[in-house]
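Protein sequence lines correspond, in order, to chains D and A.
Residues in the first sequence are numbered from 86 upward in steps of one, following this note's numbering.
Residues in the second sequence are numbered from 87 upward in steps of one, following this note's numbering.
Positions of the beta carbon are idealized from the N, C-alpha and C atoms, including for glycine.
Treat the numbers as computed from the prediction; the structure is a model and nothing was measured.
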Amino acid sequence: TQLLEQSPQFLSIQEGENLTVYCNSSSVFSSLQWYRQEPGEGPVLLVTVVTGGEVKKLKRLTFQFGDARKDSSLHITAAQPGDTGLYLCARRGAGSYQLTFGKGTKLSVIP
Amino acid sequence: EAGVAQSPRYKIIEKRQSVAFWCNPISGHATLYWYQQILGQGPKLLIQFQNNGVVDDSQLPKDRFSAERLKGVDSTLKIQPAKLEDSAVYLCASSGGGDSYNEQFFGPGTRLTVL
Numbered sequence: 086t087q088l089l090e091q092s093p094q095f096l097s098i099q100e101g102e103n104l105t106v107y108c109n110s111s112s113v114f115s116s117l118q119w120y121r122q123e124p125g126e127g128p129v130l131l132v133t134v135v136t137g138g139e140v141k142k143l144k145r146l147t148f149q150f151g152d153a154r155k156d157s158s159l160h161i162t163a164a165q166p167g168d169t170g171l172y173l174c175a176r177r178g179a180g181s182y183q184l185t186f187g188k189g190t191k192l193s194v195i196p
Numbered sequence: 087e088a089g090v091a092q093s094p095r096y097k098i099i100e101k102r103q104s105v106a107f108w109c110n111p112i113s114g115h116a117t118l119y120w121y122q123q124i125l126g127q128g129p130k131l132l133i134q135f136q137n138n139g140v141v142d143d144s145q146l147p148k149d150r151f152s153a154e155r156l157k158g159v160d161s162t163l164k165i166q167p168a169k170l171e172d173s174a175v176y177l178c179a180s181s182g183g184g185d186s187y188n189e190q191f192f193g194p195g196t197r198l199t200v201l
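1. Name the chain D residues that come within less than 8 Å of Asp-160 of chain A, Cβ to Cβ?
2. Report yes if the CB atom of Lys-155 of chain D is closer than 8 Å to the CB atom of Val-113 of chain D, and no otherwise.
3. Using the Cα positions of Cys-108 of chain D and Gln-118 of chain D, report the straight-line distance between them to the nearest angstrom.
4. Flag this pair as yes or no: are the beta carbons of Ile-133 of chain A and Ala-116 of chain A separated by less than 8 Å?
5. Can you find the residues in the same chain that come closer than 7 Å, C-beta to C-beta, to Glu-100 of chain D, ignoring five residues on each side of it along the sequence?
6. Which residues mark the beginning and the end of the beta strand (DSSP E) in which Arg-176 of chain D is found?
7. Look up Arg-121 of chain D in the DSSP assignment and give the residues it is bridged to.
8. Assuming Tyr-121 of chain A and Lys-130 of chain A are in contact, meaning their beta carbons sit under 8 Å apart, how far apart are those beta carbons, in whole angstroms?
9. Skipping 5 residues on each side, what residues in its chain have a beta carbon closer than 8 Å to that of Gln-123 of chain A?
10. Indicate whether Leu-143 of chain D and Tyr-172 of chain D have their beta-carbon atoms separated by less than 8 Å.
11. Hey, is Thr-86 of chain D's beta-carbon within less than 8 Å of any beta-carbon in chain A?
12. Quick check on Glu-154 of chain A: does DSSP put it in helix, strand or coil?
13. Note down the Cα distance separating Leu-184 of chain D from Gln-190 of chain A, rounded to an integer number of angstroms.
14. Taking only beta-carbon positions, decide if Asn-188 of chain A is within less than 8 Å of chain D.
15. Kindly indicate which residue of D:Thr-162, D:His-160 and D:Thr-136 has the alpha-carbon position closest to the one of Phe-150 of chain D.
16. Kindly list the residues whose CB is nearer than 7 Å to the CB of Asn-137 of chain A, restricted to its own chain and excluding five residues on each side of it in sequence; keep chain order.
17. Please determine, among D:Thr-133, D:Asp-152, D:Glu-139 and D:Gly-138, the residue with the shortest C-alpha to C-alpha distance to Arg-121 of chain D.
18. On a CA-only basis, which of D:Ser-92, D:Glu-102, D:Ser-116 and D:Pro-93 is nearest Asp-152 of chain D? Give me that one, please.
19. In chain order, what residues of the same chain have a beta carbon less than 7 Å from the beta carbon of Ile-161 of chain D, not counting five sequence neighbours either side?
20. Where Thr-199 of chain A and Ser-111 of chain D are concerned, what is the direct C-alpha to C-alpha distance, given to the nearest angstrom?
21. From the DSSP output, in three-state form, read off Glu-100 of chain A for me.
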């Protein structure tokens, strides 16, 4: 059962453009994490969101957690080639530290 | 601080052969995880260790997969015999529990190709 749906699956944009990727579930998250995975490497944690409606910024990346804590978005402003990678969202299991990942959004930023 | 180390980085075997992967977590991290990441998908947890004990192995195909962490530090994951559908990247992660959300740190993975 795929608990987390990420969209779009693939995204190819020109350098300097803005983009938003989404992570959705039919059930409530206690917390949600966003990771970026570059080719040949493991995922690296970008942010953890916990509170409904929460917005966190990391340089040109803006993360939002939905009010109902069932969805999250990642917005990148003025994308750069270094942003290329697989963006994964992950939720923690109730009462545990185990993570369940979505399939990811594969982003390509063309110079 | 050294990251999570994994070896080998790449492995190509024929079906029905055996293979083993090794992971050295970040020093002091009590929790170690093995994930399988099939091409086009997110990582799927196979097994979680707390020190040298298994916390969860519910998604580990135990008829062919085994894992151990005998001294609570390094870990090995074995597949015997391998099937074509085992082709994937095998990721090891560790966490220290120092923060309330128990950030997991991932190694670079071992890319397994089964022919």
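According to the structure shown:
1. Taking the second sequence and counting its residues from 1, one reaches residue 160 of chain A at position 74. The contacting residues do not exist; Asp-160 of chain A stays about 17 Å from chain D at best.
2. Your numbering for residue 155 of chain D matches position 70 in the first sequence. Your numbering for residue 113 of chain D matches position 28 in the first sequence. Going by C-beta atoms, Lys-155 of chain D is nearer than 8 Å to Val-113 of chain D.
3. By one-based count along the first sequence, residue 108 of chain D stands at place 23. By one-based count along the first sequence, residue 118 of chain D stands at place 33. The C-alpha of Gln-118 of chain D is placed about 10 Å away from the C-alpha of Cys-108 of chain D.
4. The count along the second sequence starts at 1 and reaches residue 133 of chain A at position 47. The count along the second sequence starts at 1 and reaches residue 116 of chain A at position 30. Contact annotation: Ile-133 of chain A and Ala-116 of chain A have beta-carbon atoms that are not nearer than 8 Å.
5. The residue labelled residue 100 of chain D in the question sits at position 15 within the first sequence. These residues qualify, in order along the chain: Ala-164, Gln-165, Pro-166, Val-194, Ile-195 and Pro-196.
6. Residue numbering aside, residue 176 of chain D sits at position 91 when the first sequence is read from its first letter. Element bounds for Arg-176 of chain D: 170-177.
7. If you number the first sequence from 1, residue 121 of chain D lands on position 36. Assignment of beta-bridge partners to Arg-121 of chain D by DSSP yields D:Val-129 and D:Tyr-172.
8. If you number the second sequence from 1, residue 121 of chain A lands on position 35. If you number the second sequence from 1, residue 130 of chain A lands on position 44. Rounded, the Cβ-Cβ distance is 6 Å, consistent with contact.
9. Residue 123 of chain A sits at position 37 when you count from the first residue of the second sequence. Only residues of its own chain outside the window of five on either side were considered, and among them Pro-129, Lys-130, Ala-174, Val-175, Tyr-176, Leu-177 and Gly-195 have a CB closer than 8 Å to the CB of Gln-123 of chain A, listed in chain order.
10. Position 58 of the first sequence, counted from the start, is the residue given in the question as residue 143 of chain D. Position 87 of the first sequence, counted from the start, is the residue given in the question as residue 172 of chain D. Contact: no.
11. Locating residue 86 of chain D in the first sequence gives position 1, where the first residue counts as 1. At Thr-86 of chain D the pLDDT is 47, less than 50, meaning the model places this residue with poor confidence and gives no usable figure here.
12. Along the second sequence, read from residue 1 onward, the residue named residue 154 of chain A stands at position 68. Glu-154 of chain A falls in the strand class under three-state DSSP.
13. Mapped onto the first sequence, residue 184 of chain D falls at position 99. Mapped onto the second sequence, residue 190 of chain A falls at position 104. Roughly 9 Å separates the two Cα atoms.
14. Mapped onto the second sequence, residue 188 of chain A falls at position 102. Interface residue, yes.
15. One-based indexing of the first sequence puts residue 150 of chain D at position 65. Comparing alpha-carbon positions, the option among D:Thr-162, D:His-160 and D:Thr-136 lying closest to Phe-150 of chain D turns out to be D:Thr-136.
16. Within the second sequence, numbered from 1, the residue matching residue 137 of chain A stands at position 51. Listed in chain order, the non-local C-beta contacts of Asn-137 of chain A below 7 Å within the same chain comprise Ala-116 and Gly-158, local neighbours out to five positions each way being set aside.
17. For the purposes of this step, residue 121 of chain D is identified with residue 36 of the first sequence, where counting begins at 1. When each option's Cα is compared against that of Arg-121 of chain D, the closest is D:Thr-133.
18. Taking the first residue of the first sequence as position 1, residue 152 of chain D is located at position 67. Selected option, being the one with the closest Cα: D:Ser-116.
19. If you number the first sequence from 1, residue 161 of chain D lands on position 76. So the qualifying residues of the chain are Asn-103, Leu-104, Arg-145, Leu-146 and Asp-168.
20. Taking the second sequence and counting its residues from 1, one reaches residue 199 of chain A at position 113. Taking the first sequence and counting its residues from 1, one reaches residue 111 of chain D at position 26. Looking at the two C-alpha atoms, the distance is approximately 35 Å.
21. Within the second sequence, the letter at position 14 stands for residue 100 of chain A. DSSP places Glu-100 of chain A in coil when its eight states are reduced to three.
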